[in-house]
Amino acid sequence: MPHDSAIAGRWLPSLVVGRGVTRAFAIALIALAVFALLLLADGKDPLRAYRDTLVYVFGNTYGFSELLVRMTPLLMTSIAVALPSRLGLINVGGEGQLYMGAWLATAGALCFADLPAWQLLPLITALGFAGGGLWALVPGILRAAKIVNETISTLLLNYVAPLIVSFFIFGAWRSAESSAYPQSPAFVDAARLPSLDGTRIHLGLLFGLVCLALYGFALGRTRWGLEIRAIGGNAEASRRLGIPVQGYMIAVMVVAGGVAGMAGMAEVSAIQGRLVGELSPGYGYVGFLVSWLAGGNALSILLMAFLFAVVSSVGDILQITQGVPYAVVNVLMAVILFIVLGQRQIMRAG
Amino acid sequence: MSTPFALAVLSSSVMSGTSLLYATLGELVGERAGIVNLGLEGVMLIGASIGIAVCSSTGDPYVGVAAASLAGMAAALLFGYIVIGRRANQLASGLTLLFFGFGVSALIGRPFVGAAITGLPRLGLPGLGAFDLLVWLGAPTAVLLWWLLFRTRWGLALRAVGEDPAAAFAAGRRPDVIQYQALAVAGLLGGIGGAHLALALALSWDEGMTAGRGFIAIALVIFARWNPLWAILGALVFGGAESLQLQLQARGAAVSPFLMNMIPYLLTLLVLVFWGFNRRFAAPAALGRNYFGVE
């Protein structure tokens, strides 16, 4: 991992963007080809499927806007992976951090429902950040103290966070109006992130883009970024130079978890309007893949997040129009990743 | 605790511990050869779905287990090609394998949702109770692996590759071949672990039914300090946590099922924390690193 970030960390914007675009196109082509094969194997007509998809996704503004809606949480969960990766940490806990951000934001929205929107929205955004950040604090401390590897601790906590959400929506927060389907009471209007008229694009997209810009700027242009990359390159040397390595590890994990938590906040506040059990179709894990493919570069993250939003929308549409199970999307993403993972090493060796 | 309750907990911890034991043993062999497979969860899912599919089609659970172990081996060897043949990062490739397994198993298992399955038959031993064949073979498998790893030349070579592939290469071994062999064994056992879950415990297919057992097994390898014999104890303890929770739920204990479902994950994390505090450096030295040959 340090090796990857060292390459991506070089400040050669035009070259990196050029490579990112080429790679995104190559990956898109691979994805389309593999998808076509899977559809053929299932006895479906891939060309018709692609035409349906094109018409649905790019044929009108609403279809296209849905891509941006789907990209929004992916942006944030990829930053949650990319930032620690520059330090040499592997945060696979985006999924759990997203759930905890949604959970704490919901707590705020339900407790302070009588605040005006200009106070309530910043409050639940901060709470979303805090929820995800605190969830990542434990793995951060355990890693900084060299007690437990952050990969395994964040993975285990991914299974706990949805149970906490379920505990509340089946218990204390269960809405009285819908006894059949467990969910929290609806948020008051003041706790809903504003959306663009006629679409589901919401303020969370702006949050994601700002986070991404801050991420790119902080890593490339600030002392913090320099020290983070130094630790990623050689932690021991950085420690001897007097960089507070352990402090960075904990702080970076908290910020990363916080950004993933904001994705959860945006999902409950803008999309769902209440806390539900099925918050995320694996945004945290897909964010990991996005970040990995992008090599931690901010612009590449944007491209890859968009690409994965397209891939998962295609999966959705094919599920509706052709009866293809959504699981195909998981297989597809895995195949793309296997190809890219296998290829990158060859490029490096050559 | 009344005796029937204690017996029920004990017998069900053996049952749920068995699938963990096979998965843990598999991961352990791979890690001894220097390869950490975070996609064990995916391997188990593929094993579980193939086990259900084959068992439901042929009506023979043993054929189901055999097919599951072969499918697990195939998945692990695919992972092996990526990380050994292509020298890709092990952690990222492992998570990709998790995705792959999740998707493939959902596709395989979809036609068999709600299908009737004849589970593995229980075989009684006097004085010990009646369990299926995989339960009876669990501990002997662990002992066999211990013997293979610590008492044979193959095991010595395998451990040498996990500690220092360059030295093993210098001593005339092929690190890549040995790692492929280790992963084949790992996938075989991971597939069996998934099959036991499906064909002895759940008796039906459910998407994502392993519910993090693959990750618990990876943590158990650390708990076992990379020793197959300790893995038996670890699997029993964690099987116990799971079965205690199930038995309490079955008896209508007044604790939320969601809180009790957290127990295995939190217990795993606690054990890792406790182990981390008084750690001896038992992990294979070259674990997770790629061997690029002699430069």
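Protein chains in written order, with the numbering used here: chain A, 62 to 411; chain B, 57 to 351. Think of the CB as a built atom: it goes at the ideal place given N, C-alpha and C, for glycine as much as any other residue.
Just tell me which of the options has its CA closest to the CA of residue i.
i	options	result
Pro284(B)	Ser67(B), Leu81(B) and Ser68(B)	Leu81(B)
Leu148(A)	Leu287(A), Pro243(A) and Leu266(A)	Leu287(A)
Ala227(B)	Arg209(B), Leu244(B), Ala240(B) and Gly243(B)	Arg209(B)
Ile213(A)	Ser68(B), Leu326(B), Phe333(B) and Leu63(B)	Leu326(B)
Gln301(B)	Ala287(B), Leu292(B), Ala291(B) and Asn317(B)	Asn317(B)
Val221(A)	Leu315(B), Ala238(B) and Ala132(B)	Leu315(B)
Arg109(A)	Val375(A), Arg235(A), Phe399(A) and Gln404(A)	Val375(A)
Ala321(A)	Tyr123(A), Leu198(A) and Leu379(A)	Leu198(A)
Arg16(B)	Val217(B), Ala238(B) and Leu239(B)	Here chain B has residues from 57 to 351 only, and residue 16(B) is not among them.
Thr324(B)	Ala170(A), Ser146(A), Leu216(A) and Val389(A)	Leu216(A)
Val337(A)	Phe125(A), Phe119(A), Thr122(A) and Ala247(A)	Ala247(A)
Thr266(B)	Glu97(B), Ala339(B) and Ser68(B)	Glu97(B)
Ala124(B)	Ile140(B), Met100(B) and Leu181(B)	Met100(B)
Leu270(A)	Ser139(A), Leu98(A) and Leu100(A)	Ser139(A)
Leu93(A)	Gln244(A), Arg301(A) and Val389(A)	Val389(A)
Leu422(A)	Arg131(A), Ile311(A) and Gln380(A)	Since the first residue shown for chain A is 62 and the last is 411, residue 422(A) is missing from the structure and cannot be characterised.
Gly201(A)	Ile278(B), Ile272(B) and Val329(B)	Val329(B)
Met129(B)	Val70(B), Ala258(B) and Leu245(B)	Leu245(B)
What span of residues does the beta strand (DSSP E) with residue i cover, start to end?
i	result
Phe187(B)	Gly185 to Asp188
Leu179(B)	Arg178 to Leu181
Taking the alpha helix (DSSP H) that residue i falls in, what are its first and last residues?
i	result
Glu339(A)	Run containing Glu339(A): none; DSSP gives neither H nor E here.
His252(B)	Pro231 to His252
Trp196(A)	Ala178 to Ala205
Phe333(B)	Ile319 to Phe333
Gln301(B)	Pro284 to Ala306
Ile278(B)	Arg269 to Phe279
Gly136(B)	Pro117 to Gly136
Asn465(A)	Residue 465(A) is absent from the structure shown; chain A starts at 62 and stops at 411.
Trp234(A)	Careful: Trp234(A) lies outside any alpha helix (DSSP H) and carries neither H nor E.
Gly372(B)	Outside the displayed range of chain B (57 to 351) lies residue 372(B), so it cannot be described from this structure.
Ile289(A)	Arg284 to Gly294
Thr138(A)	Thr122 to Arg147
Trp164(A)	Gly155 to Cys172
Use the C-beta contact count for residue i: other C-beta atoms within 10 angstroms, 16 or more gives buried, fewer gives exposed.
i	result
Glu83(B)	buried
Asn93(B)	buried
Thr74(B)	buried
Leu201(B)	buried
Tyr321(B)	buried
Trp179(A)	exposed
Tyr276(A)	buried
Leu354(A)	buried
Val315(A)	buried
Val372(A)	buried
Phe399(A)	buried
Arg71(A)	Because the pLDDT of Arg71(A) is 39, which lies under 50, any placement of that residue in the model is unreliable, and the question is left without a value.
Asn121(A)	exposed
Arg207(B)	exposed
Val396(A)	buried
Leu76(A)	Per-residue confidence for Leu76(A) stands at a pLDDT of 44, beneath the threshold of 50, marking its modelled position as unreliable; no derived number is given.
Cys272(A)	buried
Gly325(A)	buried
Ala341(B)	exposed
Ala213(B)	buried
Ala274(A)	exposed
Pro145(A)	buried
Assuming the contact rule is C-beta atoms closer than 8 Å, residue i and residue j should be a hit. Round their C-beta distance to whole Å, please.
i	j	result
Ala341(A)	Leu159(A)	The amino acid at residue 341(A) is misidentified as Ala; the sequence shows Ser. At roughly 6 Å, the Cβ-Cβ gap stays under 8 Å, so Ser341(A) and Leu159(A) are in contact.
Val249(A)	Trp164(A)	With 8 Å as the limit, Val249(A) and Trp164(A) do not qualify as a contact, their Cβ atoms being about 18 Å apart.
Pro223(A)	Ala162(B)	About 18 Å separates the two Cβ atoms, so there is no contact after all.
Leu254(A)	Ala331(A)	4 Å
Asp106(A)	Thr382(A)	Not quite, the Cβ-Cβ distance comes to about 11 Å (not below 8 Å), so this is no contact.
Arg215(B)	Arg88(B)	5 Å
Gly249(B)	Tyr78(B)	4 Å
Gly86(B)	Ala238(B)	5 Å
Asn458(A)	Phe155(B)	The requested residue 458(A) does not occur in the structure, where chain A is confined to residues 62 to 411.
Gln303(B)	Pro313(B)	About 13 Å; that fails the 8 Å criterion.
Gly162(A)	Gly189(A)	4 Å
Ala240(B)	Ala132(B)	7 Å
How about residue i: is its Cβ closer than 8 Å to a heavy atom in the ligand COA?
i	result
Asp262(B)	No copy of the ligand COA occurs in the structure displayed, which carries no ligand at all.
Under 8 Å Cβ-Cβ, which residues of chain C neighbour residue i?
i	result
Leu325(B)	Looking for chain C here will not work: the only protein chains present are A and B.
Item to complete: Would you check if the stretch 254–262 of chain B and the stretch 100–115 of chain B touch, i.e. whether three or more CB-CB distances between them fall below 8 Å?
Response: With the cut-off at 8 Å, the stretch 100–115 of chain B and the stretch 254–262 of chain B touch.
Worksheet item: So does the stretch 202–216 of chain A actually touch the stretch 293–310 of chain A, counting three or more Cβ pairs closer than 8 Å?
Response: Remark: three or more beta-carbon pairs, one from each stretch, lie closer than 8 Å, so the stretch 202–216 of chain A and the stretch 293–310 of chain A are flagged as touching.
Fill in: Given 8 Å, three or more beta-carbon pairs between the stretch 231–243 of chain B and the stretch 155–174 of chain B
Counting C-beta pairs closer than 8 Å gives fewer than three between the stretch 231–243 of chain B and the stretch 155–174 of chain B, which falls short of the contact rule.
Discussion item. Using 8 Å as the cut-off, can you tell me whether the stretch 135–152 of chain A makes contact with the stretch 357–377 of chain A, which would need three or more C-beta pairs spanning the two stretches below that distance?
Written reply: Result yes; three or more Cβ-Cβ pairs closer than 8 Å.
Worksheet item: Are there three or more Cβ pairs, one per stretch, closer than 8 Å when the stretch 135–154 of chain B is compared with the stretch 187–196 of chain B?
Response: Per the Cβ contact rule, the stretch 135–154 of chain B is not in contact with the stretch 187–196 of chain B (fewer than 3 Cβ pairs under 8 Å).
Practice prompt. May I ask you to verify whether the stretch 259–268 of chain A touches the stretch 323–338 of chain A, counting CB pairs closer than 8 Å and requiring at least 3?
Written response: Yes, the stretch 259–268 of chain A touches the stretch 323–338 of chain A.
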